[in-house]
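The opening position of the sequence shown corresponds to residue 0 in numbering that gives the first Met the number 0, with each subsequent residue numbered one higher.
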Amino acid sequence: MSLRHLDSLFRPRSIAFIGASQEPGRIGTMVIQNLLHGGFNGPIMPVTRRFKSVGGVLAYPNLAELPMTPELAIIGTPPEPVPSLVSALGKRGTRAAIVLTVGMSGRRDEQGGTTLEAMLEAARPYDLRILGPNSSGLVIPEIGLNASFFHRSALPGKIAFVSQSGGMCTGILDWASAKGIGFSHFIALGECADVGFAEVIDFLSMEPSTRAILVFMKTLVHSRGFMSAARAAARNKPVLIVKATGHPEATSIGSAPARTRVRSDAVYAAAFRRAGMLQVQDTEELFAAVETLARSGPLRSDDLTIMTNSDGTGIRAVDSLNQGGGSLTRLTDATLEQLDALLPMVRPHGNPVNIRADATGERYADVLRILVAAQEVDTILVLHTPTAVTSGMAAAEAVVRVVSETGGNVLTCWIGGETALPARNLFAQANIPSYGLPGIAVRAFLHRVRYRQNQELLIQTPPSVPRTFVPATDVAQDAVRKTLAAGKTVMTDPEAKAVLAAYGLSTVPTRIAGAPAQAAQLAASLGFPVAVKLLSPDIANRSDVGGVVLDLDTPQAVVEAEQRIRSRLRRLFPKAQVDGFSIQKMVQRPGGQELMAGVVSDPVFGPVILFGQGGSAADVIGDLAVALPPLNMHLARELMSRTRIYNVLRGYHGHKAANIDAICLTLVKLSHLIIDIPPIADLLINPLFADDQEVLAVETSIRLWAESPPFHHRLAIRPYPQVLEEDFALRTGPLVQLRPIRPEDEPEHAVFFAKLRPEDIQLRFFGSFNKFQHPVLARFTQIDYDREMAFIATAPDAGGKPETLGEVRTIADPDNLVAEYSIIVRSDLKGTGLGRKLMSKMIDYCRSRGIRKLTGHVLCNNPTMLAMIGAMGFHRKISPDDPEVFETWLDL
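Below, the structure is given as C-alpha cells:
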C-alpha cells in the first residue's frame, strides 16, 4: 500500500484524455464533455487521431505531440495499446492514470500474460498510479473535476463515496442529486489493480474537505492494508460501508461429526466491526446513517426515550427498537413525578411518554425539558402524528427552541407528506436529525449505538492476560512438524490435544486403540468411566452407525462396545475404513454447557477465531460469531457477547454462571496459538465444556497446510511482535525490558506520564498537560504495528509490579519511506543510557522495515536531547515555521 503520487490522481493540475471522441453515444464523447463542462481550471488535452478538435478544444494525434506533460491521464482505448500508453506516459513524467478500459484481465499475450499484468509492469518503473481498469472515473466537485462517463455530475459536499461498482455510482448520483446530497469525492475504483480501498481510504482520512467516507464493496484482496487504513481513518471520521453479499460462500472446518461452517459475510462483518466502521444494509440506509452521525451528539447510553402524541406511533417505534435489539430508558420515580404533575390525565406514565393527541407546542416544550434534564435520559426520539386540533409546525418550533437552549440529544420524526415538510426543513436548518417514519428513526438511533460500540472497540483498555500463561510454543511446533513429516495434514485427536495443552488449555485425556484388547487396556489406564468413539474417514456422522458409546465402566464393556460398533459398521457400511477407536475419559460436568471454539482460514482475511454453541447439532443451530485475531480479554468477551449462548453462560433460574473469564482466556490462547503456529489451517474444539469452575476441550480437530499458508500476509491485523523484546542493563539500577507497547499497558502508561516533570512534558509535547485522559492514552498504547511502533522500557517497582520508565515511538508514512520519531524518559532516569538505547533500538527497527529517513522536531532549549541525537548522527536545522524548533533527521 502506498499513497505515492495520489495527489496527481485526486488534485491534478493538468489532464490528458486518450480516446476522446465527438460521436454521439460513445464513452469518449461523454468523458470529454464531462471534463470540459465540469469547471476544471487546468489544461485539458484530448488525444485522438480521428479529430482535429473535440468539444471545441484542439486535439493531439499522440502523446508525443502534447505541449506539456499531463499530471493525470485518462485512458479510454481498447485493451491492446494500454500497456504501451502507460509506459509512454511514465517516461514523460505522468504519475497517475484513470483506466476506463474493460476486458484487460481476459486478454493474454503469446507468453500467457494478461494485458492487465503488462499494464502494471509498464507502470512500475515510474511509480505511475492507476485507478482501474474498468473504472467509471472520478468526480471531485471542489476542483471542478469530472473525469468520468457518469450521466450527471456530483453536487459539492463533505461526503466521500467510494465504490467498486460503476452501476452503483450512477444510481447513487441520481438518488443523491434528488435529495440535494453533495460529495467531496466520488470515486469508482473498478478492478483495483493498483489503487484500491486501502489507498483511497488512507488519502481521504487526511482530507480536510471530507467529513465522512462511504464505501460500497464487492470484494477485497489486500486485507491487511485495508484494515490498517480503515482503523486509522475510523479514529478521525465516520467510515460507513455497504458490502454486496451476492451468494456468500461458507468455509467448512473440523472433521465429522464436529464440523461447522463459517460464512464469508460474517467474516467481513467482523472485520468492519474491528476496524471501527459502521456496516449498513443498503445505500439509502448508508446516507441516513451518515446524516445521523453528523448531526447527533455523542452517546452516553444505548437506551432510547420515546416521546409521542400517538399511542400507535409510539408502539411502532418500540417494536422497531425491540426488533433491532435496542432498549428503552427506564425512567426514574423523580422523572415520572414531574410528568405526572404536567400530564395529570395520562395514566400510567412510562416510556414511551404519551403527551396526547391534543399536545400543543408548549406541551412539547415542557415535556421535552423534563426529559432532557433527567439524569437517566440520553437520546430522545420525538414523534409527531398530524391531528386536526394541533399545529405540527408549532410543535417543531418548540422542539427546536428547547434543543437550542439545552443542547439535548434529540431525534425527530414528523409523520406525513407535504404537511410535514416545513417541520423537517426547520429541523434540517437547526441541524437536528429528522425522519419520515418511526422505523427509520429507530434504525438511525441503532446505527449510532453500533457505531459507538465499534468505536469503543478501537480504544477499549483490555484486562491483562494472567502472567501464568506462558505457552510451550516449541512443544506445539514440534508436534506439528512430526505430523507433517509423516506425510499427514490432519492431526489425530491426541496429537491435536497435545498442541492445545502446550498453550495451557485443559483437555480430556484421550487415547487411540487399534484392537479391542488395547482399548480395554487404555481404558483401564485412563480410569473409568470412559467413552469409545469410532475413527473412520468414511463416516460423516458417527451416530449414524452407533459409533459413540458412553459411560463404560469395565474393560469388558469397552471390548463389547467396540465389537458392536464394528459389527454395525460391517452391516451398514461394509467398505468403510476403520482407523481405530478413541478412548476418552468421561467428562462429568453437571450443569456444564457444550460450546464450540476454533479457528478457520478465510481466503481474504486469513485466520479467524470462532465461538458459539457446540454439540452435534451446532451447525444446524447456527449460533456462531467470529472475530479477527489477535484477541485480548475484552475482544474475546465481545466475541462471546454476539452469541445466544452467552446469555445462558451468564446464569439463569438458579443455574450458576459459567466461568466467563476462563472462556475468554481460552479464546485468547487460541489467538496466540494461531499466530505462533502458521502451519495450522483450521482448528475446531467441539464440544468445549464450560461450567462455573473451568473450561475443558473434549474433542479437537486440527488440519495443517501441506505447504506454507497461501497468504502473503497471513494475518489481516499484524499481531504483537514478541520477537522484538529484549533485556537491557542500565548503567545504574535494575535490568529493564525493552519491548513494543501493548494495549494492556495503558494503566502503567498513565502513571508514567503522571510522574514526569512539567518541563519534561513541555519538551516532549511542546505544551503542558495536567492529565492524560483515556482516549489519548488509548491512542498511545493501542497502535497499529503495521504502520507505527512504540518501544517502552519497563522494570518491576518496589512492590514487584511493572512500571514504565521511558518510551520511543515512530509513525511511518503509508509509503514506509519516512518515519517521525518522539522519545521521552522518566526524569529521574536521565543519564543512565536508557534514552540512547531506546533510540538505537528504534533506528535498528526502522532500518529492518526499509524506512529511509527518520525525522523529528526538538525544541532549541533541549540541549540534552540535541546532544544525544547529534552523537548518533542526526542532522538538524532551524524550522522555517518556528525559530524555537530544530528539524532533525537521520538518513537510514
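The beta-carbon is built from N, C-alpha and C at its ideal position, and this holds for glycine as well.
DSSP state of residue i mapped onto helix, strand, coil
| i | result |
| --- | --- |
| threonine 384 | coil |
| valine 637 | For the sequence presented, residue 637 should be read as glutamate rather than valine. Helix at glutamate 637. |
| arginine 875 | strand |
| isoleucine 888 | It should be pointed out that residue 888 corresponds to tryptophan in this sequence rather than to isoleucine. It is a strand residue. |
| histidine 711 | Confidence is the limiting factor: at histidine 711 the pLDDT is only 43, short of 50, which leaves the residue's position unreliable, though a coordinate-based value still follows. The answer is coil: DSSP assigns histidine 711 none of H, G, I, E or B. |
| lysine 178 | helix |
| methionine 44 | strand |
| asparagine 353 | strand |
| valine 507 | coil |
| histidine 184 | strand |
| threonine 699 | strand |
| arginine 649 | coil |
| aspartate 6 | helix |
| proline 739 | strand |
| glutamine 721 | helix |
| asparagine 861 | coil |
| isoleucine 644 | helix |
| methionine 344 | coil |
| aspartate 675 | helix |
| glutamate 64 | helix |
| lysine 481 | helix |
| threonine 113 | strand |
| phenylalanine 752 | helix |
Nearest neighbour of residue i, chosen from the options [CA to CA]
| i | options | result |
| --- | --- | --- |
| isoleucine 644 | Asn631, His633, Ala616 and Gly611 | Gly611 |
| alanine 340 | Thr328, Leu327 and Ile354 | Ile354 |
| alanine 818 | Glu802, Leu833, Met841 and Arg835 | Met841 |
| leucine 525 | Gln583, Thr411, Ile822 and Arg763 | Gln583 |
| asparagine 631 | Pro508, Gly614, Ala689 and Gln781 | Gln781 |
| valine 607 | Met585, Ser670 and Arg569 | Ser670 |
| glycine 156 | Ala175, Val46 and Gly170 | Ala175 |
| leucine 62 | Asp173, Gly653, Ala87 and Phe765 | Ala87 |
| alanine 333 | Glu806, His348 and Thr803 | His348 |
| leucine 551 | Arg565, Ala626, Ile662 and Val529 | Val529 |
| leucine 723 | Ser847, Ile186, Ala794 and Ile676 | Ser847 |
| lysine 668 | Ala500, Val85 and Ala19 | Ala500 |
| glutamate 698 | Leu137, Gly614 and Val401 | Gly614 |
| alanine 293 | Phe765, Asn308 and Ile212 | Ile212 |
| glycine 391 | Ser566, Leu634, Thr307 and Leu623 | Thr307 |
| proline 813 | Thr509, Met205 and Gly805 | Met205 |
| methionine 350 | Thr359, Gln374 and Ile314 | It should be noted that the sequence gives asparagine, not methionine, for residue 350. Of the candidates Thr359, Gln374 and Ile314, the one whose C-alpha sits nearest the C-alpha of asparagine 350 is Ile314. |
| isoleucine 679 | Lys178, Asp477 and Val352 | Asp477 |
For residue j and residue i, believed in contact at Cβ under 8 Å, the rounded distance
| i | j | result |
| --- | --- | --- |
| cysteine 859 | phenylalanine 885 | 6 Å |
| isoleucine 74 | methionine 44 | That belief does not hold up - the Cβ atoms of isoleucine 74 and methionine 44 are roughly 13 Å apart, past 8 Å. |
| leucine 303 | threonine 378 | 6 Å |
| valine 531 | alanine 495 | The Cβ separation is near 19 Å, so there is no contact. |
| arginine 738 | isoleucine 674 | Between isoleucine 674 and arginine 738 the Cβ distance is about 16 Å, and since that is not below 8 Å, they are no contact. |
| threonine 900 | proline 66 | Since the first and last residues shown for the chain are 0 and 891, residue 900 lies out of range. |
| leucine 445 | glycine 597 | About 30 Å separates the two Cβ atoms, so there is no contact after all. |
| phenylalanine 196 | leucine 219 | 7 Å |
| histidine 184 | leucine 154 | Between leucine 154 and histidine 184 the Cβ distance is about 13 Å, and since that is not below 8 Å, they are no contact. |
| arginine 541 | phenylalanine 688 | Not really, about 19 Å apart at Cβ, beyond 8 Å. |
Host beta strand (DSSP E) of residue i (start-end)
| i | result |
| --- | --- |
| glycine 855 | 852-858 |
| cysteine 412 | 408-413 |
| lysine 584 | 579-584 |
| asparagine 685 | 679-689 |
| aspartate 726 | 725-728 |
| glycine 89 | Element bounds for glycine 89: not the beta strand (DSSP E) but the alpha helix (DSSP H), 81-91. |
| glycine 391 | Per DSSP, glycine 391 belongs to no beta strand (DSSP E); it is in the alpha helix (DSSP H), 391-405. |
| valine 303 | Correcting the residue identity first, residue 303 is leucine in this sequence and not valine. Here the beta strand (DSSP E) through leucine 303 covers 302-307. |
Residue i: first and last residue of the uninterrupted alpha helix (DSSP H) it sits in
| i | result |
| --- | --- |
| histidine 150 | That residue, histidine 150, is in no alpha helix (DSSP H); it is neither H nor E in DSSP. |
The ligand SAM heavy atom lying under 8 Å from the CB of residue i
| i | result |
| --- | --- |
| proline 629 | This structure simply doesn't include the ligand SAM, nor any ligand for that matter. |
Closer than 9 Å to chain C by CB, residue i
| i | result |
| --- | --- |
| tyrosine 651 | Considering every chain present, this structure includes no chain C. It has just one protein chain. |
Quick one: which unbroken alpha helix (DSSP H) runs of 4-plus residues sit fully inside the segment 221-298? Chain order, please. Fully enclosed alpha helix (DSSP H) runs of 4 or longer: 222-233, 263-273 and 282-294.
Mind listing, in chain order, the continuous beta strand (DSSP E) runs of no fewer than 3 residues lying wholly within the segment 773-851? With a minimum length of 3 residues, the continuous beta strand (DSSP E) runs that stay inside the segment 773-851 are 787-795, 801-811 and 817-824.
Start-end ranges of the alpha helix (DSSP H) lying completely within the segment 483-565, minimum 4 residues: 492-501 and 515-525
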